[in-house]
Structure formats: structure tokens, C-alpha cells
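Residue numbers for the sequence shown, in our numbering: 1 to 397.
Ideal placement from N, C-alpha and C gives every residue a C-beta, glycine not left out.
As the structure is a computational prediction, the values presented were derived from the model and not from experiment.
Contents: one structure, followed by commentary.
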Amino acid sequence: MTERVVLAYSGGLDTSVAIGWIAEETGAEVIAVAVDVGQGGEDLDVIRKRALACGAVEAEVADAKDEFAEEYCLPAIKANALYMDRYPLVSALSRPTIVKHLVAAAKKHGATTVAHGCTGKGNDQVRFEAGISSLAPDLKCIAPVRDYAMTRDKAIAFCEAKGLPIATTKKSPYSIDQNVFGRAVETGFLEDIWNAPIEDVYDYTANPATPRDADEVVITFEAGVPVAIDGQAVTVLQAIQQLNERAGAQGIGRIDMVEDRLVGIKSREIYEAPGAIALITAHQELESVTVERELARYKRQVEQRWSELVYDGLWFSPLKRALDGFIAEANEHVSGDIRMTLHGGRAVVTGRKSAKSLYDFNLATYDTGDTFDQSLSKGFIEIFGLSSKIAAKRDLV
1 MTERVVLAYS GGLDTSVAIG WIAEETGAEV IAVAVDVGQG GEDLDVIRKR ALACGAVEAE
61 VADAKDEFAE EYCLPAIKAN ALYMDRYPLV SALSRPTIVK HLVAAAKKHG ATTVAHGCTG
121 KGNDQVRFEA GISSLAPDLK CIAPVRDYAM TRDKAIAFCE AKGLPIATTK KSPYSIDQNV
181 FGRAVETGFL EDIWNAPIED VYDYTANPAT PRDADEVVIT FEAGVPVAID GQAVTVLQAI
241 QQLNERAGAQ GIGRIDMVED RLVGIKSREI YEAPGAIALI TAHQELESVT VERELARYKR
301 QVEQRWSELV YDGLWFSPLK RALDGFIAEA NEHVSGDIRM TLHGGRAVVT GRKSAKSLYD
361 FNLATYDTGD TFDQSLSKGF IEIFGLSSKI AAKRDLV
């Protein structure tokens with residue numbers, strides 16, 4: 001029986017060429033799988049037909065936008081997930097979504113191997129292969145660009161020699177990955193970290209320096225889930241999409257950073273994530289009102305570790321699953337409204353309202369009606385600082 005390989009297919013030059021390349025190198029039949037996580041571009045049926053025209057024996061396409069938003073982006077919002085305190089895991093979140101569809105297709109079609117188009121120096125190869133091995137340990141993985149040195153020049157030559165139905169136009173100066181949660185841009189002149197990004201790098205966001213009127217928005221959460229925008233009910237996907245438009249129009253969500261890749265190198269990345277940044281900012285603020293102090297302090301540690309695990313491709317790991325349970329519990333009371341002003345590249349919180357609020361006006365006020373018994377503070381301070389005071393007496397001798 002001829003072996004079968006499931007290929008993560010984008011519809012572009014590299015993965016279109018990979019269909020025939022894999023068939024020639026391995027003798028296997030190729031099943032192409034394209035997953036829509038809100039990256040835009042061509043119609044899924046066009047992509048499916050192209051895969052078949054390029055030699056795939058089967059081609060599957062999946063509209064996974066809602067799945068991606070609810071099962072992957074939402075946990076990141078609840079976790080306030082920002083790798084290195086800045087990056088909202090745009091690409092890292094989409095990979096396990098795609099992995100689930102690749103593994104399902106491999107089981108359906110009796111494939112023994114899964115292929116992807118990643119290079120050997122990025123994070124995505126790890127995210128794909130660690131995810132696949134966690135869901136289906138018996139599947140093998142190959143990466144033509146990495147394993148068979150399938151350079152772009154070779155890909156173009158192969159495409160032209162085989163007469164494949166795909167344009168071999170001049171390559172973009174940037175490497176771009178995008179989905180509904182954001183957009184990642186790298187390479188080209190950006191590799192010189194002294195070079196400032198120019199406006200044509202950006203697509204999801206308008207120039208924040210351009211004068212324009214501010215936009216006020218109210219985001220409603222229930223147990224950490226965004227459920228309404230300005231009082232109108234939304235799905236998680238719709239919340240992200242609407243805030244991509246509104247926050248993006250104000251230039252919010254631009255990130256220029258040098259990040260620590262899992263493979264050990266530092267890489268300069270430009271990100272645009274207007275909806276993600278607006279939602280995480282609002283969610284963090286609502287947590288400050290509704291989450292008890294010690295839980296909030298510990299959750300910040302969990303958030304950092306959760307973000308590192310997802311960035312490193314360990315979405316399906318036991319530790320990540322265990323932390324999911326903690327984060328879900330911590331979001332139990334994160335319900336209410338956050339009012340924000342979107343303007344000049346910033347999402348600024350201006351109001352908070354929650355039936356689950358721990359903020360007590362009568363305890364917080366300094367005016368008449370203050371119910372905080374200040375007479376208790378003197379004794380509290382004596383006991384709270386006692387161990388340090390005893391140590392100080394010893395150390396100052």
C-alpha cells in the first residue's frame with residue numbers, strides 16, 4: 001500500500017511545490033489540508049482546487065475561525081497572555097489549531113506522516129511537531145524546506161518545470177504570518193535592528209500619528225469571556241474582529257520587539273494585534289476590580305509561564321492543561337463592563353463596572369462615610385514588620 005503524507009497547505013508557492021516534491025522524494029501520496037484561522041486571502045475552495053491541480057490525491061479545507069477564536073484566542077485573553085510581557089502569541093496560538101486538523105486528516109486518510117513548510121531556525125517547526133507528537137505519537141513529521149533543502153529558487157524551478165498552476169512572482173521583502181488575532185512581520189530590512197519599521201510594513205493598523213477623533217468603546221465580559229461590544233452581543237470571533245477594526249483604525253496594537261526564540265536566537269519581529277491588545281487590556285483591568293489580591297498576584301506568575309509554554313509549542317502539554325484549570329477558576333468572577341478610549345495608538349481604560357466587584361467605595365474613600373478603621377493599622381504594622389525588625393537588630397550589631 002502506498003504511504004500517505006498529510007501536508008499543512010497554505011495555497012502559496014512553497015507548499016504547492018511541496019506536494020510534488022514530497023511525492024518525488026518519498027514516493028508517497030499527498031493529502032493537502034488548509035485551515036482558515038482568519039488569515040484572509042483566497043477563497044478556501046480556490047485553495048482546495050489548486051492543491052488537487054498541483055498533484056494532491058485529496059484536499060481538505062476547514063473554516064476554523066470560530067474554533068480558533070473560542071478554543072485558542074479566548075484562553076489567551078483569560079491568561080492575559082503576553083510573551084516577554086509584549087507579544088500576544090499571534091502565530092503560536094494558530095499552530096495547535098492547525099495541528100488538530102492535520103492529525104484528524106492523517107487518521108481519516110490512513111497517513112503515516114505529517115509535513116509542514118517551516119524552516120529549521122524558527123519556532124513553528126517545534127510547535128507543529130511537538131503538537132503532532134502529543135496528539136498522535138506514532139505519526140512521523142517532515143519539513144521539505146528544512147529536511148530536503150527546498151530553497152525558494154529550487155521551488156520556483158520545480159514549479160516552472162512541472163507547469164504548476166501557481167504564480168512565481170517576486171517574493172515579498174517580508175515574511176508574513178497572519179490570522180484573526182494578529183499579524184507577524186519579519187526579515188528583509190527589519191533584520192537590522194537599528195532600522196525603524198516603515199508604514200508599508202503594517203496592514204491591520206492605521207498610522208497612530210495621524211490626527212483623528214477618539215473612539216470610545218464598552219466591552220462586557222462574563223467569567224472572562226467578551227460577550228458584548230457597546231451593549232450588542234458578540235461571539236468571541238466577532239469581538240476580536242470588531243476590535244481589530246476599531247482599535248486598528250486608531251493605530252493600536254503595534255509591537256516592535258527583539259524576542260527570544262525557542263531555538264536559542266534573538267529575532268526582530270513586528271506585530272500588529274489591535275483586537276488582541278484591546279481585549280487583553282480590558283480583561284486585565286476587569287481582573288483588577290474582581291480578583292482577590294493573593295489570587296491576582298499568583299495568577300501573574302501563572303500567566304508568564306502559560307505564555308512561555310504556548311510560545312514554545314507545548315499547547316497540549318500536561319503543565320499547560322493544568323494551568324488552564326487554574327486560569328479558568330481565576331476567571332470565575334471576571335464579569336462586568338470596561339469602558340475604553342481608543343486613540344493615538346493606545347487603548348486607555350476610563351471606567352469599570354461589575355456586580356462582582358471587590359472595590360468598596362466606603363472602604364476606599366477618604367471623605368465622610370469612611371468605614372476603614374484606621375486605628376487598627378498601627379498594630380498591624382508592628383506585627384507585619386516584626387520579623388524584619390528582629391533581623392535588623394541582629395544585623396546592625
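Ranking G40, G38, I31 by CA distance to the CA of R48 puts I31 first. Residue environment analysis places Q232 among the exposed positions, since fewer than 16 neighbouring C-beta atoms fall within 10 angstroms of its C-beta. For C141, the three-state secondary structure derived from DSSP is strand.
When C-beta atoms of the region 81-90 are compared with those of the region 178-197, three or more pairs fall below 8 Å, so the two segments count as touching. Residue burial is scored here from C-beta neighbours: S10 has at least 16 other C-beta atoms within 10 angstroms and is therefore classed as buried. Judged by DSSP in its simplified three-state form, E269 adopts strand. One thing to note: L237 has its Cβ no nearer than 8 Å to the Cβ of A64.
Straight across, the Cα-Cα distance linking P226 with C73 is about 11 Å. By a beta-carbon distance limit of 8 Å, H116 contacts A143. Their separation comes to about 6 Å. DSSP places Q250 in the coil class of the three-state scheme, outside both helix and strand. G224 sits close to K78, with the two beta carbons spaced by under 8 Å. For Q284 and L243, the gap between their C-alpha atoms comes out near 16 Å. L262 is positioned such that its CB atom lies no closer than 8 Å to that of V46.
Under the rule that a run must span 4 or more residues, the alpha helix (DSSP H) segments found entirely inside the region 73-159 read 74-78, 90-109, 124-135, 144-147. Counting only residues of its own chain and dropping the five nearest sequence neighbours on each side, P165 has a CB closer than 6 Å to the CB of A53. For F384, the three-state secondary structure derived from DSSP is helix. For the pair V180 and A76, the Cα-to-Cα distance works out to about 13 Å. Here V289 is near S357, since their CB atoms are less than 8 Å apart.
Under the three-state reduction of DSSP, D337 is assigned to strand.
Beyond the five residues adjoining it in sequence on each side, A155 comes within less than 7 Å, by CB distance, of L13, D14, V17 in the same chain, given in chain order. For A209, there are no CB contacts under 7 Å within the same chain when 5 residues up- and downstream are skipped. Residue range 293-311 is occupied by the alpha helix (DSSP H) that includes L309. Under DSSP, I219 shares a beta bridge with I229, I338.
Per DSSP, reduced to three states, the secondary structure at V185 is strand. Counting only residues of its own chain and dropping the five nearest sequence neighbours on each side, K266 has a CB closer than 8 Å to the CB of V258, E259, D260. Rounded to the nearest whole angstrom, the C-alpha separation of A296 and N331 is 10 Å. Between L102 and A214, the C-beta gap is not smaller than 8 Å, which leaves the two residues out of contact.
Between A56 and I19, the gap from beta carbon to beta carbon is short of 8 Å.
Each residue's CA atom was taken as its position, placing I280 and Y83 some 13 Å apart. Beta bridge pairing from DSSP links I255 with Y271.
DSSP places G325 in the uninterrupted alpha helix (DSSP H) bounded by 318-330.
Taken through DSSP and simplified to helix, strand or coil, S175 comes out as strand.
Classified as exposed, K107 has fewer than 16 neighbouring CB atoms from the shown chains inside 10 Å of its CB.
In the three-state scheme derived from DSSP, where H, G and I count as helix and E and B as strand, E29 is classed as strand. Only residues of its own chain outside the window of five on either side were considered, and among them F189 have a CB closer than 8 Å to the CB of N195, listed in chain order. By the neighbour-count criterion, in which 16 or more other beta carbons inside 10 Å mark a residue as buried, D370 falls on the exposed side.
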